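Before any comments, here is the structure.
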Amino acid sequence: MGKIKVAFFADMLVENFDGAARTIYQIIKRIDTEKYEYFFITGSAPASNFPYKYYLVPSVDIPKNEDYKLAIPALSFFEMNNAMLIFKPDVIHISSPSFLGRYALDYARANKIPVLSIYHTHFISYIDYYFKDARLLIDAVKAFVISRNKSFYNGCDMVLVPSQSLLEELSGYGFDQTRMVIWPRGMNTAMFSPDKKDAGLLLKEDIHKPVVLFVSRLVWEKNLLTLKDIYLLNEAAGSPYQFVIAGDGVARDELQQSMPNALFLGSLQHEALSQWYATSSVFLFTSETETYGNVVIEAMASGLPVVVADAGGPSDLVVSYENGIKCTPKDAPAFYEAVKHVLTDKVLREKIIQNGLSFAKNLNWDKLVQNYFEKVKGLAKSMA
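Residue 383, in numbering that gives the first Met the number 0, is where the sequence shown stops; the numbers in between run on with no holes.
See below:
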C-alpha cells in the first residue's frame with residue numbers, strides 16, 4: 000500500500016478556536032507525509048501558512064454563536080463531489096454530525112469508504128440551555144437530537160470518545176457501543192508547566208490578591224451565568240479575589256458588563272495563556288457541556304488547582320479533594336466555598352497541585368496521535 004489518503008471534514012479549521020480545533024491541530028501537526036496524504040474540507044479557511052490542501056465550502060454564521068461557521072455543502076455539491084473523485088480517499092474522517100459531516104457520511108457509504116469520527120461536542124447537553132425559555136419542548140428536542148446523532152455515529156465505522164462515562168451515556172441512548180473506542184486528550188507539558196509562572200503579569204495589571212482564572216470560549220452554554228453568580232458572591236464578600244477571564248465569544252460584552260471588576264484578557268495564544276495558568280491561584284470552570292475539558296488538564300499541568308463542575312468530561316478528570324474539587328454545576332455558593340477552601344487550606348492545596356501534575360504528565364499527545372494513525376491505517380487496510 001502507498002500513502003494512505005484521508006479526506007478530513009471539519010466545519011471549523013481555525014487553530015485554537017475551541018477544544019475540538021486544538022485536538023484536530025494536534026493531529027495535523029503530527030501527520031507523517033511519507034505515509035499519509037490529507038485533504039481537508041472545511042467551512043472556515045485555515046491560516047495562510049496551512050501546509051495541506053483544502054477545499055473551502057460556503058458557510059453561514061450560527062445564530063447566538065456568530066463566531067462559529069456552519070458549512071453548507073449543498074451550495075457547492077457538484078464541485079465537492081469532483082474534488083473527492085479526484086482525491087480518491089482511502090479513509091474519511093468526520094469531525095461532527097453537521098450538514099458537512101452528513102454529506103461526508105453519505106459519500107463514504109455510497110463509495111464504500113471507511114469512516115472515523117472523534118466525538119468532540121456533546122450537543123445533547125446543550126439543549127437545556129438553548130431551550131431554557133421553552134421547557135415544554137426540551138424532551139421532544141432532546142429525543143430528536145439523540146435520534147439524529149445516533150443515526151450519524153452508528154453509521155461511522157469507528158467513533159473515538161474521550162471518556163468511559165461518556166461512552167456509557169451514549170450507549171444508554173442507543174449508540175452502538177461496538178463502534179466506540181475510548182481515546183482521551185493529551186497534554187503538552189512543555190507548553191503548560193509551573194515553570195511558566197510570571198509574577199510580572201500581576202504587576203502589569205496591578206493585581207495584589209489571589210487570582211481566580213476562568214478560560215473558555217465566552218458563549219452562554221458554558222454556564223457563564225453561574226460564573227457571574229460566583230463573581231457576585233466575591234463582590235459581596237468585599238472582593239478578596241481577582242477574577243480573570245481568558246477567552247472571547249458572543250457573550251463577552253454582556254458578561255463583561257455584569258462583571259465590571261473582572262479582568263477580561265480576550266483570546267490568548269498558548270504562550271500567554273500558559274503564563275496566566277502558572278501565575279494564577281486557582282482555576283474555576285463552570286461549564287457542564289464539555290465532552291472532555293482540555294482547559295482543565297492545561298491548568299493541572301501548570302500546577303494550578305482546579306474547581307470544576309461535576310458534569311461532562313471534567314467530572315471524569317477530577318477526583319474531588321484529590322486532584323481538584325467538583326461542585327454541583329449551578330451551585331454558585333458551593334463553587335465559591337470550594338475556591339476559598341483551596342486558597343486557605345495549604346495542605347489540601349499542595350495535595351491537589353501535586354496530584355494534578357502527576358495526572359497531566361500521564362497524558363502524552365505523541366502516543367495518543369500515534370494511536371489515532373494506527374486506527375486510520377487499520378481502517379484503510381480493512382477496505383484494501
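Every residue, glycine too, gets a C-beta built ideally from N, C-alpha and C.
Model, not experiment: these values are computed from the prediction.
Item, Value
"Let me know the secondary structure DSSP gives N363 once reduced to three states.", "strand"
"Give the DSSP-derived three-state secondary structure of M382 in the structure shown.", "coil"
"Can you check the stretch 263-351 for any alpha helix (DSSP H) of at least 4 residues that lies completely inside it and give the ranges in chain order?", "269-278, 293-300, 311-316 and 331-343"
"Assuming N148 contacts P72 (C-beta within less than 8 Å), just tell me the rounded distance between them.", "Incorrect: roughly 18 Å between the Cβ atoms, too far for contact."
"Are there 16 or more other CB atoms within 10 angstroms of the CB of M299, so buried, or fewer, so exposed?", "buried"
"Return yes when the Cβ of D156 is within less than 8 Å of the Cβ of R178, no when it is not.", "yes"
"Rounded to a whole number of angstroms, what is the C-alpha to C-alpha distance between A308 and S164?", "15 Å"
"Out of T22, Y51 and L12, point me to the one whose CA is closest to D31's CA.", "Y51"
"I'd like to know whether the C-beta atoms of A359 and I229 end up nearer to each other than 8 Å.", "no"
"DSSP three-state label for S257, please.", "helix"
"Helix, strand or coil: which one does DSSP assign to I388?", "The structure shown does not extend to residue 388, since the chain is modelled only from 0 to 383, so the question has no answer here."
"With H, G and I counted as helix, E and B as strand and the rest as coil, what does DSSP make of A402?", "No answer is possible for residue 402: it lies beyond the span of the chain, which begins at 0 and ends at 383."
"Between Q256, G154, K345 and L264, which lies nearest to Y106 when the distance is taken from Cα to Cα?", "G154"
"Does the CB of G312 have a neighbour CB from chain C at under 8 Å?", "Among the chains of the structure shown, chain C does not appear; only one protein chain is present."
"How many Å lie between D17 and A236 at the Cα?", "33 Å"
"From the DSSP output, in three-state form, read off F76 for me.", "helix"
"What separation, rounded to the nearest whole angstrom, lies between the Cα atoms of L217 and L254?", "8 Å"
"Let me check one thing: in DSSP terms, what residues is D60 bridge-paired to?", "K68"
"So, under 8 Å CB-CB, L283 and V306 are touching, yes? Tell me the CB distance rounded to an integer number of Å.", "5 Å"
"Which residues mark the beginning and the end of the alpha helix (DSSP H) in which L104 is found?", "F98 to A109"
"Tell me, please, which residues DSSP counts as bridged to V210.", "Q241"
"Along the chain, where does the alpha helix (DSSP H) containing Y37 start, and where does it finish?", "First-last for Y37: Y35 to T41, but that is the beta strand (DSSP E), not the alpha helix (DSSP H)."
"Going by other Cβ atoms of all chains shown within 10 Å of its Cβ, with 16 needed for buried, is K268 buried or exposed?", "Residue identity differs from the one stated: residue 268 is Gln in this sequence, not Lys. Per the 10 Å Cβ criterion, exposed."
"Could you tell me the distance, in whole angstroms, from the CA atom of K325 to the CA atom of W182?", "23 Å"
"Which partner residues of Y54 appear in the DSSP bridge assignment?", "I40"
"Can you tell me the Cβ-Cβ gap for T41 and A9, rounded? I've got them flagged as a contact below 8 Å.", "5 Å"
"Under DSSP, the beta strand (DSSP E) around A9 begins and ends at which residues?", "I3 to A9"
"Tell me which same chain residues have a C-beta within less than 8 Å of the C-beta of A273, skipping the five on either side of it?", "Checking the displayed sequence, the identity of residue 273 turns out to be Ser instead of Ala. Same-chain partners within the cutoff: M190, F191, S192, K195, E297 and S301."
"Quick check: the Cα distance between S94 and S116, rounded to an integer number of angstroms?", "6 Å"
"Hey, F76 and F38 are a contact pair by Cβ (cut 8 Å); roughly how many whole angstroms apart?", "Actually they do not touch by this definition, with Cβ atoms about 17 Å apart."
"In terms of residue numbering, what span does the beta strand (DSSP E) encompassing L115 cover?", "V114 to I117"
"Are the beta-carbon atoms of I112 and V144 separated by less than 8 Å?", "no"
"Measure the alpha-carbon distance for E422 versus A198 and round it to whole angstroms.", "Since the first residue of the chain shown is 0 and the last is 383, residue 422 is not available in this structure."
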